[in-house]
Amino acid sequence: MSTGAAGYTPHPRLQSSWDLRAASNFIGGGVGTGLVLTATVVAAFGGLWMPGLLLGLACVAFGLSMVFLELGRPWRAVNVFFHPRTSWMTREGVLSLPLFAAGAGAVAVAWFYGTVAAAPLLALAGLCAAGFLYCQAHILHRARGIPAWSESTLRWVMVATGLTEGVGVFLAITAFAQSAPRALALEVALAVLLAARAGLWLGYARRLRARGAPTRSMRAIDALGARFLWFGHALPAVLLVAGWLVWPFAVELVTAAGLVAAAAGWYAKLMIITRAAASRGFAIPQTPTRGRSASRAGARPGWGGGAS
Amino acid sequence: MTRYAMVADLRKCVGCQTCTAACKVSNATFPGVQWRKVLDMEVGEYPDVQRVFVPTGCQHCDEPACVEVCPSTASQKRDDGIVTIDYDMCIGCGYCTLACPYDARSIVREATWAYAEGPTEVEKARFDPRMLGVAQKCTFCVDVIDTGVAQGLTPGVHPDATPACVNSCIAGALAFGDLDDPGSNVAHLLRENRHFRMNEDAGTGPGFYYLWDGEQSEQEEVTP
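Line order of the protein sequences matches chains A and B. The first sequence begins at 1 in this note's numbering and counts up by one. The second sequence begins at 1 in this note's numbering and counts up by one.
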């Protein structure tokens with residue numbers, strides 16, 4: 001089995017190098033770092049943070065272990081740390097070390113000496129989580145062979161969805177343990193993040209269309225967009241509002257809102273990585289002159305307006 | 001300085017794929033993997049259609065996207081512009097295959113052979129287990145170039161210092177040489193002909209030029 005370049009067609013092709021395993025890294029890394037960041041903020045306000053932090057670290061570890069399974073030479077995985085100067089994948093790997101160390105350390109210190117004593121480690125874990133999430137967003141952006149990924153606004157969609165997923169799952173974790181007034185701040189944060197994610201997604205799709213992308217990618221993005229906006233944003237927003245209005249079922253409704261918002265982010269990342277990832281294909285600006293036939297404008301096959 | 005580059009004259013290429021075959025023989029690539037391939041493009045609409053054959057492969061870019069993203073430093077660019085992969089260093093993460101704007105890289109995860117019965121004698125002899133699970137692509141036949149240069153030969157002029165695809169081209173459509181040498185064949189071709197580079201909007205500065213029309217007094221750069 002081989003992945004990568006093959007064939008004689010100039011059309012953009014769907015990338016086959018990264019599959020569900022690679023997507024799992026973005027899914028686990030996004031929700032994991034979102035959980036760690038949320039736990040850090042919640043801890044600063046005296047809330048229940050430890051389950052969220054532990055689950056966040058587990059999600060990040062799950063994502064990285066899935067990438068390990070995708071490597072062609074997994075026993076050389078340590079080489080991933082060799083290029084921090086320009087590779088966002090190296091930077092992601094490097095940041096994972098202090099993230100796990102600080103996160104585990106914070107839990108240990110808090111266990112024995114209390115949350116206040118763990119504050120510096122918690123803050124460090126939060127910083128590393130933010131950096132990790134930022135690196136993941138850039139990993140896609142620097143894949144210049146995939147126009148749907150290299151569009152710069154996708155970075156902010158990735159960051160926004162990571163935070164949204166983190167807050168969403170954190171809400172679900174704490175919903176049953178916290179009293180309603182305490183969870184309200186997180187619920188408002190989820191509503192704000194949902195609005196931000198929806199806006200960023202719309203901006204991304206608009207810019208991608210304006211800049212140009214393979215038809216195959218645009219078709220996937222358009223199909224995803226409708227589902228993502230309705231099921232990933234409108235539905236959790238309705239559930240949140242219902243939770244605020246229908247008091248007896250508030251916990252259940254808010255929990256559902258958080259989980260739906262998170263699941264939508266996972267689905268979007270899966271689709272972006274495995275379905276919308278068409279390569280650039282090949283374009284010629286001019287055809288060659290041959291004998292008596294003159295040159296004419298060339299083509300970019302598979303990009304909508306181009307010849308196919 | 002030296003900057004090796006490839007020039008393909010689209011007016012001459014007939015799409016015979018001899019370069020593809022020569023590359024496969026020289027580099028013993030697995031079935032389904034072409035380091036040098038020739039795209040078959042149709043431009044226009046019936047009945048006014050033109051067919052264009054476009055040799056392509058690794059473009060050995062000035063600022064290779066693959067080198068930038070490679071987490072292991074297995075992908076490197078040499079001072080002479082040739083982009084290489086250290087097969088003993090590569091972890092096979094596939095990031096470079098996604099960063100390359102030219103679909104030039106492949107990863108073969110398990111050996112495949114031309115015939116279902118198993119490897120031929122030649123395939124057995126040429127099999128290199130280092131190539132499994134790592135990124136691979138056109139090297140401009142870097143070993144041939146290095147050996148030839150060490151013997152005082154000139155790449156692009158002497159066959160023993162020139163990539164196999166260029167040596168094999170039946171139409172003389174492919175040329176190779178040092179762009180920084182004003183007297184080289186490739187510098188001469190680019191001076192005398194209109195040319196473009198593919199997917200230049202990716203910003204990697206490809207080292208692969210396509211000639212599409214004859215000489216003109218003032219060279220106009222065409223950007224796709």
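Just so you know, even glycine gets a beta-carbon here, dropped at the ideal spot from N, CA and C.
Run down chain A in chain order and give the residues with a C-beta less than 8 Å from the C-beta of Met-198 of chain B.
For this step, residue 198 of chain B is matched to residue 198 along the second sequence. Phe-282, Ala-283, Ile-284, listed in chain order.
Tell me whether Thr-162 of chain B is buried or exposed, calling it buried when 16 or more other Cβ atoms sit within 10 Å of its Cβ.
Position 162 of the second sequence, counting from 1, holds the residue named residue 162 of chain B. Classification for Thr-162 of chain B: buried.
Boundaries (first-last residue) of the alpha helix (DSSP H) holding Tyr-134 of chain A
If you number the first sequence from 1, residue 134 of chain A lands on position 134. Tyr-134 of chain A -> alpha helix (DSSP H) spans 115-141.
Give the range of the alpha helix (DSSP H) segment to which Phe-228 of chain A is assigned.
Start at 1 with the first residue of the first sequence, and residue 228 of chain A comes out as number 228. Unbroken alpha helix (DSSP H) run through Phe-228 of chain A: 215-229.
Buried or exposed (CB count within 10 angstroms, at least 16 for buried), Pro-377 of chain A
Look at the range of chain A in this structure, 1 to 308, and you will see that residue 377 of chain A is not part of it.
Using a Cβ-Cβ distance under 8 Å, would Met-6 of chain B count as near chain A?
Here the question's residue 6 of chain B lines up with position 6 in the second sequence. Not closer than 8 Å to any Cβ of chain A, the Cβ of Met-6 of chain B fails to qualify, so no.
Contacts of Trp-113 of chain B in chain A (Cβ-Cβ under 8 Å):
The residue labelled residue 113 of chain B in the question sits at position 113 within the second sequence. Simply none; closest approach about 13 Å.
Which residues mark the beginning and the end of the beta strand (DSSP E) in which Pro-55 of chain B is found?
Within the second sequence, residue 55 of chain B is the residue found at index 55, counting from 1. 48-56 is the span of the beta strand (DSSP E), which, as asked, contains Pro-55 of chain B.
Could you give the first and the last residue of the continuous beta strand (DSSP E) run that contains Ser-75 of chain B?
Here residue 75 of chain B refers to the residue found at position 75 of the second sequence. Segment 75-77, the beta strand (DSSP E) holding Ser-75 of chain B.
Cβ pair Trp-266 of chain A, Phe-228 of chain A closer than 8 Å
Along the first sequence, one-based indexing puts residue 266 of chain A at 266. Along the first sequence, one-based indexing puts residue 228 of chain A at 228. Taking 8 Å as the Cβ cut-off, Trp-266 of chain A and Phe-228 of chain A do not qualify as a contacting pair.
From the DSSP output, in three-state form, read off Pro-285 of chain A for me.
Translated into positions along the first sequence, residue 285 of chain A becomes position 285. It is a strand residue.
Here's the rule: buried if 16 or more other CB atoms are within 10 angstroms of the residue's CB, otherwise exposed. What is Glu-192 of chain B?
Here residue 192 of chain B is taken as the residue at index 192 of the second sequence, counted from 1. Glu-192 of chain B should be labelled exposed.
Considering Ser-279 of chain A, what are the terminal residues of the alpha helix (DSSP H) in which it resides?
The count along the first sequence starts at 1 and reaches residue 279 of chain A at position 279. Ser-279 of chain A -> no alpha helix (DSSP H), and no H or E assigned at all.
Quick one, are the C-beta atoms of Ala-106 of chain A and Leu-121 of chain A less than 8 Å apart?
Residue 106 of chain A sits at position 106 when you count from the first residue of the first sequence. Residue 121 of chain A sits at position 121 when you count from the first residue of the first sequence. In contact: Ala-106 of chain A and Leu-121 of chain A (Cβ atoms closer than 8 Å).
Please tell me whether Pro-101 of chain B has its Cβ less than 8 Å away from any Cβ of chain A.
Within the second sequence, numbered from 1, the residue matching residue 101 of chain B stands at position 101. Chain A, which has a Cβ nearer than 8 Å to the Cβ of Pro-101 of chain B, makes this yes.
Taking Cβ-Cβ distances shorter than 9 Å, what residues in chain B pair up with Gly-93 of chain A?
Stepping through the first sequence from its first residue, residue 93 of chain A is reached at position 93. Per Cβ cutoff of 9 Å: Pro-71.
Roughly how many angstroms lie between the CA atoms of Gly-118 of chain B and Asp-181 of chain B, to the nearest whole one?
As a working mapping, residue 118 of chain B is identified with position 118 in the second sequence. As a working mapping, residue 181 of chain B is identified with position 181 in the second sequence. Their backbone Cα atoms lie some 47 Å apart in a straight line.
So Gln-59 of chain B packs on Val-38 of chain B, CB below 8 Å; how close in whole Å?
As a first step, residue 59 of chain B must be located in the second sequence, where it is residue number 59. As a first step, residue 38 of chain B must be located in the second sequence, where it is residue number 38. The Cβ separation is near 15 Å, so there is no contact.
So Ala-299 of chain A contacts chain B; which residues on that side make the cut at Cβ distance below 9 Å?
Looking up residue 299 of chain A in the first sequence gives position 299. By Cβ distance, chain B contributes Met-41, Glu-42, Val-43, Gly-44, Val-52.
Using the rule of at least 16 other Cβ atoms within 10 Å of the residue's Cβ for burial, across every protein chain shown, is Pro-129 of chain B buried or exposed?
Indexing the second sequence from 1 puts residue 129 of chain B at position 129. That one is exposed.
How about Gly-168 of chain A and Ala-58 of chain A: do their beta carbons lie closer than 8 Å?
To locate residue 168 of chain A, count along the first sequence from 1; it is residue 168. To locate residue 58 of chain A, count along the first sequence from 1; it is residue 58. No, the Cβ-Cβ distance between Gly-168 of chain A and Ala-58 of chain A is not below 8 Å.
Under 8 Å by Cβ, that's how I've got Ser-72 of chain B and Phe-45 of chain A pegged, so tell me the actual separation to the nearest angstrom.
Locating residue 72 of chain B in the second sequence gives position 72, counting from the first residue. Locating residue 45 of chain A in the first sequence gives position 45, counting from the first residue. 42 Å between Cβ atoms; not a contact.
Quick check on Leu-270 of chain A - is its C-beta less than 8 Å from some C-beta in chain B?
As a working mapping, residue 270 of chain A is identified with position 270 in the first sequence. Not an interface residue.
Please report how far the alpha carbon of Thr-20 of chain B lies from the alpha carbon of Phe-53 of chain B, in whole angstroms.
In the second sequence, counting from the first residue as 1, residue 20 of chain B sits at position 20. In the second sequence, counting from the first residue as 1, residue 53 of chain B sits at position 53. The straight-line gap from Cα to Cα measures roughly 13 Å.
Any C-beta of chain A under 8 Å from that of Ile-85 of chain B
Mapped onto the second sequence, residue 85 of chain B falls at position 85. Not one chain A Cβ lies under 8 Å of Ile-85 of chain B.
My parser needs the beta strand (DSSP E) runs of 3 or more residues fully inside the segment 130-192 of chain B; what are they?
174-178
For Pro-285 of chain A, I'd like the list of residues in its chain whose CB is within less than 8 Å of its CB, leaving aside the five on either flank, ordered along the chain.
Translated into positions along the first sequence, residue 285 of chain A becomes position 285. Ala-297, Gly-298, listed in sequence order.
Pick out whichever of A:Leu-69, A:Leu-163, A:Ile-146 has its Cα sitting closest to the Cα of Leu-190 of chain A.
Counting from one through the first sequence, the residue named residue 190 of chain A turns up at place 190. The shortest C-alpha separation from Leu-190 of chain A is found at A:Leu-163.
What does Asp-40 of chain B pair with, by DSSP beta-bridge criteria?
Along the second sequence, read from residue 1 onward, the residue named residue 40 of chain B stands at position 40. For Asp-40 of chain B, which the question treats as bridged, DSSP gives the partners B:Phe-53.
Who are the neighbours of Gly-133 of chain B on chain A, taking C-beta pairs under 7 Å?
Along the second sequence, one-based indexing puts residue 133 of chain B at 133. Within 7 Å Cβ-Cβ: Gly-72, Arg-73.
Along chain B, in chain order, which residues have C-beta atoms closer than 8 Å to that of Thr-289 of chain A?
One-based indexing of the first sequence puts residue 289 of chain A at position 289. Those within 8 Å of Thr-289 of chain A in chain B are Arg-11, Trp-212, Asp-213, Gly-214.
Which parts of the segment 61-115 of chain A are runs of the alpha helix (DSSP H), unbroken and 4 residues or longer, counting only runs that do not cross its ends?
88-113
So, at 6 Å on beta carbons, what are the nonlocal neighbours of Arg-197 of chain A in its own chain, with the 5 sequence-adjacent residues on each side left out?
Locating residue 197 of chain A in the first sequence gives position 197, counting from the first residue. Within the same chain, Arg-197 of chain A has close Cβ partners Ala-160, Thr-161, Thr-164.
Tell me, please, whether the CB atom of Gly-205 of chain B is closer than 8 Å to any CB atom in chain A?
To locate residue 205 of chain B, count along the second sequence from 1; it is residue 205. No, no contact with chain A.
Just the chain B side, please: which residues come within less than 7 Å of Tyr-8 of chain A by C-beta, in chain order?
One-based indexing of the first sequence puts residue 8 of chain A at position 8. Ordered by position in chain B, the residues that pass the 7 Å Cβ test against Tyr-8 of chain A are Lys-37, Val-38, Leu-39, Asp-40.
Should Met-1 of chain B be flagged as near chain A, meaning a C-beta pair shorter than 8 Å?
By one-based count along the second sequence, residue 1 of chain B stands at place 1. It does not: the Cβ of Met-1 of chain B has no partner Cβ on chain A nearer than 8 Å.
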